[in-house]
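**Q** Sharing a structure, written as structure tokens. Questions coming.
Numbering (the numbering used here), first residue to last: 5 to 252.
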């Protein structure tokens, strides 16, 4: 199962999915592709690039995420994720996410997670497409249970509501839950030539609180608070710090 654990970690951390139930929709709809790049803070080396596009499909909101990254050995990974939400009465709820990853152009891994909010359960599965090894887990949910850097809609909603702090549960690759805290700073700051407000995410308590650095997310002050920049660890507590930002 160690292989599956590492596999799940890679896929979840690359795709930045979000999982929540009946969260206020901030009104942001990415009707055109948006590209973001992650570069090491110290050297400026490019480690990951992603293209996001969010559209309405029937009654559902669908986000497509196409990513390219490299590991320490120089292997190139390409990831394609689709994240599905229901949008009803201006409230968002997660439905599902599918992710497929290739390594050096060959099938490498896939994951899927489905949410059953009537039972407050999520069903997660992963498969190594090289060895055929599989793994699965059932996760107990709360209305504010999220996967990794779950910022796409949740943090702009906090800014829009002038909500100074919110606690939520973070799903880690083993399917366990950790308490996290988001703190909103409503003092404007200039970031990449734009007036921004920031959200700091850190561990609320437990083991992660002593080893996980703060993660800072910057959003435009005006409008629907579009994402501008992220500064924090690339893939976990001991990974290098990156700066991720929107590029033309």
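Glycine included, C-beta positions come from ideal geometry on N, C-alpha and C.
Keep in mind that this is a model prediction, so the values were computed, not measured.
Starting from residue 147, trace the beta strand (DSSP E) both ways and give me its first and last residue.
**A** As a working mapping, residue 147 is identified with position 143 in the chain shown. Premise fails: residue 147 is in no beta strand (DSSP E) and is neither H nor E.
**Q** Who are the near neighbours of residue 100 in its chain, counting only those whose CB is closer than 6 Å to its CB and skipping five residues on each side?
**A** Taking the chain shown and counting its residues from 1, the one referred to as residue 100 is at position 96. Only 88 and 118 meet the Cβ criterion.
**Q** For residue 215, count neighbouring C-beta atoms within 10 Å of its own C-beta (all shown protein chains included) and say buried if the count is 16 or more, exposed if not.
**A** Your numbering for residue 215 matches position 211 in the chain shown. So residue 215 counts as exposed.
**Q** Taking only the alpha-carbon atoms, compute the straight-line gap between residue 25 and residue 79 and give it to the nearest angstrom.
**A** Translated into the one-based positions of the chain shown, residue 25 becomes position 21. Translated into the one-based positions of the chain shown, residue 79 becomes position 75. Annotation: residue 25 to residue 79 spans about 37 Å, alpha carbon to alpha carbon.
**Q** To the nearest angstrom, report how far apart residue 228 and residue 38 are at their CA atoms.
**A** By 1-based counting over the chain shown, the position of residue 228 is 224. By 1-based counting over the chain shown, the position of residue 38 is 34. Distance between the alpha carbons of residue 228 and residue 38: 15 Å.
**Q** Measuring straight from C-alpha to C-alpha, what distance separates residue 153 and residue 219?
**A** On the chain shown, position 149 is the one that residue 153 refers to. On the chain shown, position 215 is the one that residue 219 refers to. Low per-residue confidence applies at residue 153: pLDDT is 47, beneath 50, and the placement is therefore not dependable, though the value from the model is reported in the following sentence. Going from the Cα of residue 153 to the Cα of residue 219 covers about 9 Å.
**Q** Determine, using beta carbons only, whether residue 184 and residue 174 come nearer to each other than 8 Å.
**A** Your numbering for residue 184 matches position 180 in the chain shown. Your numbering for residue 174 matches position 170 in the chain shown. Yes, Cβ-Cβ distance for residue 184 and residue 174 is below 8 Å.
**Q** Which runs of the beta strand (DSSP E) at least 3 residues long sit entirely within the segment 176 to 203? Give them in chain order.
**A** 181 to 195
**Q** If you drop the 5 nearest sequence neighbours on each side, which residues of the same chain put their C-beta closer than 6 Å to that of residue 145?
**A** Position 141 of the chain shown holds residue 145. Only residues of its own chain outside the window of five on either side were considered, and among them 124 and 126 have a CB closer than 6 Å to the CB of residue 145, listed in chain order.
**Q** In the DSSP assignment, the beta strand (DSSP E) including residue 44 goes from what residue to what residue?
**A** On the chain shown, position 40 is the one that residue 44 refers to. Note, residue 44: beta strand (DSSP E), 38 to 44.
**Q** Quick one: what does DSSP say residue 162 is sitting in, helix, strand or coil?
**A** For the purposes of this step, residue 162 is taken as residue 158 along the chain shown, with counting starting at 1. Helix at residue 162.
**Q** Could you tell me if residue 248 is buried or exposed, where buried requires 16 or more neighbouring beta carbons within 10 angstroms of its beta carbon?
**A** On the chain shown, residue 248 is found 244 positions in, with the first residue counted as 1. Looking at its Cβ environment, which holds 16 or more other Cβ atoms inside 10 Å, residue 248 is buried.
**Q** Measuring CB to CB, does residue 181 end up less than 8 Å from residue 135?
**A** Here the question's residue 181 lines up with position 177 in the chain shown. Here the question's residue 135 lines up with position 131 in the chain shown. No, the pair does not count as a contact, with Cβ atoms beyond the cut-off.
**Q** Which residues does DSSP pair with residue 220 in a beta bridge?
**A** Taking the chain shown and counting its residues from 1, one reaches residue 220 at position 216. 204 and 235.
**Q** Taking C-alpha atoms, which residue in 83, 94 and 195 lies nearest to residue 107?
**A** Reading the chain shown from its first residue, position 103 is the one you call residue 107. For the options 83, 94 and 195, the alpha carbon positioned closest to that of residue 107 is the one of 83.
**Q** By DSSP's criteria, residue 120 is part of a beta bridge. Which residues make up the other side?
**A** Taking the chain shown and counting its residues from 1, one reaches residue 120 at position 116. Answer is 125, bridged to residue 120.
**Q** Taking residue 253 as part of the beta strand (DSSP E), name the residues at either end of that continuous run.
**A** This structure gives no information on residue 253, because the portion of the chain shown stretches from 5 to 252.
**Q** I'd like the list of long-range same chain contacts for residue 65, defined as Cβ closer than 6 Å, with 5 residues on each side in sequence excluded.
**A** The residue you call residue 65 lines up with position 61 of the chain shown. Same-chain partners within the cutoff: 89 and 91.
**Q** Roughly how many angstroms lie between the CA atoms of residue 237 and residue 217, to the nearest whole one?
**A** For the purposes of this step, residue 237 is identified with residue 233 of the chain shown, where counting begins at 1. For the purposes of this step, residue 217 is identified with residue 213 of the chain shown, where counting begins at 1. Each residue's Cα considered, the two are about 7 Å apart.
**Q** Report the CB separation of residue 195 from residue 232 in whole angstroms; it is logged as a contact under 8 Å.
**A** For the purposes of this step, residue 195 is identified with residue 191 of the chain shown, where counting begins at 1. For the purposes of this step, residue 232 is identified with residue 228 of the chain shown, where counting begins at 1. By a beta-carbon distance limit of 8 Å, residue 195 contacts residue 232. Their separation comes to about 5 Å.
**Q** Starting from residue 92, follow the beta strand (DSSP E) in both directions and report where the run begins and ends.
**A** As a working note, residue 92 is residue 88 in the chain shown. Looking at the DSSP string, the run of the beta strand (DSSP E) that includes residue 92 is 80 to 92.
**Q** Could you compute how far the alpha carbon of residue 102 sits from the alpha carbon of residue 69?
**A** The residue you call residue 102 lines up with position 98 of the chain shown. The residue you call residue 69 lines up with position 65 of the chain shown. Computed Cα separation, rounded: 10 Å.
**Q** Given that a residue counts as buried once 16 or more other Cβ atoms are within 10 Å of its Cβ, and exposed if not, what is residue 190?
**A** To locate residue 190, count along the chain shown from 1; it is residue 186. Result: exposed.
**Q** Determine, using beta carbons only, whether residue 130 and residue 142 come nearer to each other than 8 Å.
**A** The sequence position of residue 130 within the chain shown is 126, counting from 1. The sequence position of residue 142 within the chain shown is 138, counting from 1. The answer is no: Cβ separation not under 8 Å.
**Q** The beta strand (DSSP E) that contains residue 71, what's its start and end?
**A** The sequence position of residue 71 within the chain shown is 67, counting from 1. Where residue 71 is concerned, the enclosing beta strand (DSSP E) stretches over 64 to 74.
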